[in-house]
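Top line first, the protein sequences correspond to chains A and B.
Position 95 of the first sequence, counted from 1, bears residue number 94 in numbering that gives the first Met the number 0, the numbering being contiguous throughout.
Position 741 of the second sequence, counted from 1, bears residue number 740 in numbering that gives the first Met the number 0, the numbering being contiguous throughout.
To start, the structure under review is shown below, and the notes come after it.
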Amino acid sequence: MGYAEVTPYTLDITLEVNGQSHDLEVDTRWTLLHVLRGELGLTGAKRGCDRGECGACTVLLDDLPVNACMTLVATISGRRVRTVEGLSSLGSLHPVQQAFLDNDGGQCGFCTPGFVMSTTSLLEKNSSPSDDEIRSALAGNICRCNAYGRIIESVRSARRAE
Amino acid sequence: MNSVIGQSVPRRDLTGKLTGDAKYAADVQLPGMLAGKILRSPHAHATVVAVDTSAASELPGVYAIVTPFDVPDGNIAPDVPILDTEVRFVGDEVAAVAAEDEFIAQHALELIQVEYAQLPFVTDPRAAIEPGAPPVHAGGNLVGGEPIILERGNVEEGFAEADIILEDSFSTPAHSGAALEPRVAVASWDGDDLTVWKSSRGVHQDQLLLSLALGMPRDSVRVIGGAMGAGYGNKDETRLSVITAVLAQRAGRPVKIETTREEEIVAGRHRHGTFTTLKMGVKSDGTVTAVHAETIMDTGAYLSSGPGVVRRAGQGALYLYRCPNVRYDGYLTYTNTPSGGSYRALGAPQGHFALELIADRAAKAAGMDPVEFRLKNHVGPEGQPGERTTPANEIIDTQPLEGGIPFSSNGLRECIERGAEAFGWSDYSPSSEENLKRGKGMAILIYRGGPGGRSIARMRFEQDGTFTMISGVMDVGEGSSTVLPQIAAEALGVDYDQVAETLGDSAITPDSPITAGSTVTFSAGLAVKQAAEDLRSRLLSSASDVLDLPQSDLELDTSGIVSQSGRGLSFADLAERTGSVEVEASVSPGSTDFIVNSFGAHFAEVEVDTDTGAVRVLRYVAAHDSGRILNPRLAVNQVEGGVSQMLGFTLTEQMLTDPAHGATLNASFLEHKSPTILEYPDIEVIFADVIDPIGPYGAKALGEPPSVGVAPAVVNAIRDATSVEVLDLPATPDRILNLLAELEDGDA
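Shown next as C-alpha cells:
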C-alpha cells in the first residue's frame, strides 16, 4: 500500500518528556522520534536507519531503552520519556556523559546519544555490570566509527563512578 | 610550560554530542521549511522518455517538483548532470519533490508517472570491458580507454631472476561505509544568495561545486558543515545539495532532504569492488625479485574518485617491498551498479589483501616465518632502489613511482618487531579444540597520506585577549577540532583551553582542502602552526612597543607577556592596546627531498568454528608508524575503530547486486552486516614513536592506515587455523564451510 491510500488521522495524547508534561495532537503515523525531533525540538536522538537496526534514536520509555523510530507515539500516551537532553542539568554533565567524555567514548558522535541512553538504563538497573553485560546491553547500538573500545572503557568508568 | 603536544586532552566537540546540543545538518530547523524526497530509478539502465507530474503537482501541500526535463543546465561532475534523461543504476536520481511534510512528499513521488525505455545493462566489471558490452556512458566502459600501467624496472627480468613464483586471483566486494548519519542537505535562498547546510567533509569544495553546478558566483554560496555524522571519505559529492537548492528556489521556501538508510547505502559512495591477480617472484633465500599486480576495479555508474582510487590499489605492490622490478595494471570500469567513491584508505585495503596473502605464501615457499620474510624484504628508510627522475626542486606530494627517494621517516621495522613481540608471535601455541581451530596471521602496510595540497589557516588574537584558531577543514569525527587547537596552543606557548576553534563554514573560514586522504593533521596542522608562530611574533613585537622593552627580553606564556625584569602584560591588557590581531598563513606541505608515508604491522588471532564456518577475532595487535602522536587517546580510538570497522569488510559486509535486474539486495544494517560491540575483539595499539622531520611536531598520517592491514592479517590467521585460504572477501561462514569441504574432498 502506498501513501496514496492513507488518510491522515490525528489523536490527542499526553507525554511526559524529561519531566515536563506535553499535550499533543499527533498524526497517527508519527513515531516518537518524529515528535521528539520535529515537534519538541529535541534533536539529540538521531535518525540513522528509521527501522530499528542502529539504535541512534534510543531513548528511555518508563526507564527502559526503546528505538524511538519504531515507537508509534499514539501508542504511548500518558507515559514517561527521557532523552539525552534530560540527563545533564545546568551545565553539569551526568556521570555517564562525563565518563564518555573522559574516555573518548565516541568519534563522529551520531551514535553517541543512543549509547549514552542505553548505558544510563543499564547502570540504573545494574550498578556493577560485567563486561559481558555491558556488551549485551549495548548490542543494539551501532557505532560505524567502531569506537567500541573507548565506549566499553567509558561504561567501565561510569560503572565505577555510579 | 607543559607541552600540549602528546597530551590526551578531551575531544573538544564531544561534549555537545553527549548532551544533544551538537547540530548536524538534519537538526537544522528553519521557518517554513519543506521536506524533500527523491524519486529513484527502478531500472539498471534506461532512458527517461517522459515524466508526467500533473497529478503530483495537484496534490495539496506540494510546492515544487524537478525533473530532467525542466532542471537547470549544470553538472555535478563531468559525468553527472544535475538530473539526466539517462539513468544508470537502480537508485539513480530521476526527479524530486518538496512538500509540506515527508508523508506528502512521499505520496507525491508515487503520483509521478515516468515513462522509461529500458537499455541493456552490465553489472560485472569483468564483463563490462569485454567487446560488445552495453556502454554505461558514451565512450565505453573502460575509463580512459586503456589501463593505467605503473612500472619500475622490468618485471619480466625480475621474474626471470626468481627461483619461486607465486600467483593467484583475489576479489573484494563493494561495501558501504554506511555512515550512521545518512546524507542530508538543507537549502535556503535569500534573494540570489544560497545557504546550504550539509553533511560535508569539505565546505569550500562543496561551495565551489555548488556554484559551478548552479552557475552562481562562488561568494553567493555559503556552505555550513556543523557536526558531521562521519563519512570515512564519503560525502564530498553535491548532487543532493544541488537538487535541494533547485527545489528551494522553485518553492520559495527552505527545503530539507534527509535520505534514508537504503538511499545512503545505494546512492552514497562505497568502497570499490575489485578483482586482482597478483604475481610475486622470490629467490630461494626469500628475496623478492618482482611483483606484478593487475586490478579490475568497478567504479559503478559514475566516476567519482575512481581514477585516484584505482592508482592507490597498486600502492602496496609497487612500494611495500624493496624491489627494483614492479608493475601495476589498473583497469577502472563503469557498470550499471551504484557508484564507488572514496572510502577510508582508497584502494589500499583491496591491493594489500592480495599482496599480503601472496607474501605469506612466498614466505612459506622460501621456508621462512611470515615475520622473518617481512623483516627481510620490507621497504626501508632509504626508499626503493633506483634513480630519482622527479626534478630535484619539485615538492613530492604524490607517491613517486621511481626509486632513489628516501622516506622522511620509516618506522616499519619497529612496527613489525614491536607488534610481533606484543602479540607473542614467535612463541604462539594455539589451544585448538575439536571444532574450534585457532591460528595467527599478520600483514604489513604502507600508506601515502600527510601532504595534501596548499593549506591556509588563520589565528586571531581577540579583543578580550583570547585566541581563536580558524581553519576551513571539517571535523568528520577524526578529531581535527581538538588536534588543530593543540597545535595552535603549542606554537603560541599557551594552554590548550586558551585557544578556541572555528571550522567548517565557507563564509568565515579560509579556503581549505577537504578532510581526505589522512592529510588534515599534517597539512592543515602545518598551516595552523605557522599562523600561530606568526601571531606570537606579532604579539611579542607589540608588547615590546608597549612596555618599551627589547623583544628579546620578552616571553609569551599562559598568563600573557612576561619579561626578565618582572614587568609584563596580561593578554587582556595587551588586547586593549592592540585590538584584535589576525594573521593568516598559507603553506605547501611536503618536501622536495623525501616521501612522506605512514606504515604499520597488524597481527591477529582468530578462532574458526569448523562446524559453522564462523570466525571470531580473539586478539589483535595494530602497530603503527604515524610519526609523533599528538593526542594518544584520540589516536588509539582512531586505530581501534579502523580495525574494527574493517572486520566488517573482512567478515560480513558486501553490497549484493541482483544480476537479473541490477538492484542492490541488502541495503540495511542487518543485511549489509556492520560489526557490533559483541564482536569487538581485544585490540592492542602500539605506536612506533618515530618523529617525522616534516610533519607538525613530528606527526604523520593516521586516519586511514589502520584500515589497510586488517583483511590480510585476519585471512592469513584463518589459513593458519584451518589450512583453507579465503581468496574472495568477505570471509563468510558459507565460504569457509565450502573451502573446508573442498579441502576434505581433496584429502579423501
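For glycine and all other residues, C-beta sits at the position ideal for the given N, C-alpha and C.
- For Gly440/B, the secondary structure class from DSSP, reduced to helix, strand or coil, is strand.
- Only Leu179, Glu180 and Pro181 from the stretch 179 to 190 of chain B bring a Cβ to less than 9 angstroms from some Cβ of chain A.
- Taking 9 angstroms as the CB threshold, Leu345/B stays off the interface with chain A.
- By alpha-carbon distance to Val616/B, the top candidate from Glu604/B, Thr609/B, Gly626/B and Asp610/B is Glu604/B.
- Distance check between Ala186/B and each of Val27/B, Lys234/B, Leu211/B and Ala55/B places Val27/B closest, using alpha-carbon atoms only.
- Secondary structure in the stretch 15 to 40 of chain A: the beta strand (DSSP E) runs of 3 residues or longer, each lying completely within the stretch, are 19 to 26 in chain order.
- With contacts defined as CB atoms closer than 9 angstroms, Ile693/B and Val595/B qualify as a contacting pair.
- At least one CB of chain A lies nearer than 9 angstroms to the CB of Val475/B.
- Nearest to Phe99/A by alpha-carbon distance, out of His377/B, Asn636/B and Ala244/B, is Asn636/B.
- By the Cβ criterion, the stretch 26 to 42 of chain B is not in contact with the stretch 486 to 506 of chain B, since fewer than three pairs of Cβ atoms, one from each stretch, lie closer than 8 angstroms.
- Cα atoms of Asn66/A and Val58/A: separation of roughly 7 angstroms, rounded to the nearest angstrom.
- Around Ala419/B, the same chain offers Val370 as residues with beta carbons nearer than 6 angstroms, after the five sequence neighbours per side are excluded.
- Cα atoms of Gly77/A and Asp22/A: separation of roughly 10 angstroms, rounded to the nearest angstrom.
- By the neighbour-count criterion, in which 16 or more other beta carbons inside 10 Å mark a residue as buried, Ile264/B falls on the buried side.
- Of the candidates Arg221/B, Leu165/B, Glu554/B and Glu652/B, Glu652/B places its Cα closest to the Cα of Ser673/B.
- Here the alpha carbons of Gln644/B and Leu86/A stand approximately 30 angstroms from one another.
- The alpha helix (DSSP H) runs lying completely inside the stretch 362 to 419 of chain B and spanning 4 residues or more are 369 to 376, given in chain order.
- One finds nothing in chain A with a Cβ atom closer than 9 angstroms to the Cβ of Gln497/B; even the nearest lies about 19 angstroms away.
- In this structure, the beta-carbon distance from Thr663/B to Thr332/B does not fall below 9 angstroms.
- Per DSSP, the unbroken beta strand (DSSP E) holding Ser597/B starts and ends at Ser597 to Asp608.
- Sequence-distant Cβ neighbours of Gly73/B in its own chain, meaning closer than 8 angstroms and more than five residues away, are Pro80, Ile81, Leu211, Ala212, Leu213, Gly214 and Val241.
- The contact set of Asp101/A on chain B, defined by CB atoms closer than 9 angstroms, consists of Pro9 in chain order.
- DSSP lists Asp51/B as the beta-bridge partner residues of Gln112/B.
- Beta-carbon to beta-carbon, Ser407/B and Ser590/B are separated by about 6 angstroms, close enough to satisfy the 8 angstroms threshold.
- The alpha-carbon separation between Glu741/B and Arg447/B amounts to approximately 39 angstroms.
- Within the stretch 222 to 237 of chain B, contact with chain A at the beta-carbon level (separation under 9 angstroms) is assigned to Ala226, Met227, Gly228, Ala229, Gly230 and Tyr231.
- DSSP lists Leu149/B and Ala292/B as the bridge partner or partners of Tyr327/B.
- In this structure, the beta-carbon distance from Arg453/B to Leu534/B does not fall below 9 angstroms.
- For Pro112/A, the nearest beta carbon of chain B is closer than 9 angstroms to its own beta carbon.
- For the C-beta of Cys68/A, not a single chain B residue is nearer than 7 angstroms; the gap to the nearest is close to 10 angstroms.
- A residue is called buried once 16 or more other Cβ atoms fall within 10 Å of its Cβ, and Arg87/B is buried on that count.
- Taking a Cβ-Cβ threshold of 7 angstroms, the residues of chain A close to Ala177/B are Arg143, in chain order.
- Measuring C-alpha to C-alpha distances from Ala622/B to each of Gly464/B, Ile445/B and Val561/B identifies Ile445/B as the nearest.
- Fully contained in the stretch 449 to 497 of chain B are the following beta strand (DSSP E) runs of length 3 or more, in chain order: 454 to 460 and 466 to 470.
- A Cβ-Cβ contact shorter than 9 angstroms links Val713/B with Val614/B.
- Counting only runs of 4 or more residues that sit fully inside the stretch 659 to 737 of chain B, the alpha helix (DSSP H) segments are 709 to 721, in chain order.
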